[in-house]
Amino acid sequence: MLIAGCSALPRGDDAPREVAYICAYGPELTATFEGEQAVLAFNGARARLQATETAYGGRYANPTDDIVFWTRDDAAMLEMLGVFWSCRALPDRG
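Positions 1 to 94 (full-length UniProt numbering) are the ones given, in order, by the sequence shown.
The structure is reproduced here in structure tokens:
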């Protein structure tokens, strides 16, 4: 299990919001939400994902859907190349 640190979903405004997640058996993960995009930082890499339509919560993906990130309340799921990790947002330290 890996550690990170912040709060769950992005605010309604376009101010960047950084959220850290702890993922079961997955990469250390920090998501920065900016408007219709989420920038994920994990395993020393970064991925810029675009918001896509979803019924509830948030879904962000790269153009080929190789990386998909779902959020709902403080829960999240990361999919990379068909491998899934369940994640949970850590409490905001601020």
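Where a beta carbon is used, it is the ideal one built from N, C-alpha and C, also for glycine.
- Per the coordinates, the alpha-carbon of W70 lies some 14 Å from the alpha-carbon of A47.
- Between the C-alpha atoms of R72 and W85 there is a straight-line separation of about 14 Å.
- Distance between D74 and L90, taken at the CA atoms: about 8 Å.
- Straight-line measurement puts the Cα of T30 at about 7 Å from the Cα of F42.
- Relative to the Cα of P63, the nearest Cα in the group Q50, Y56 and R88 belongs to Q50.
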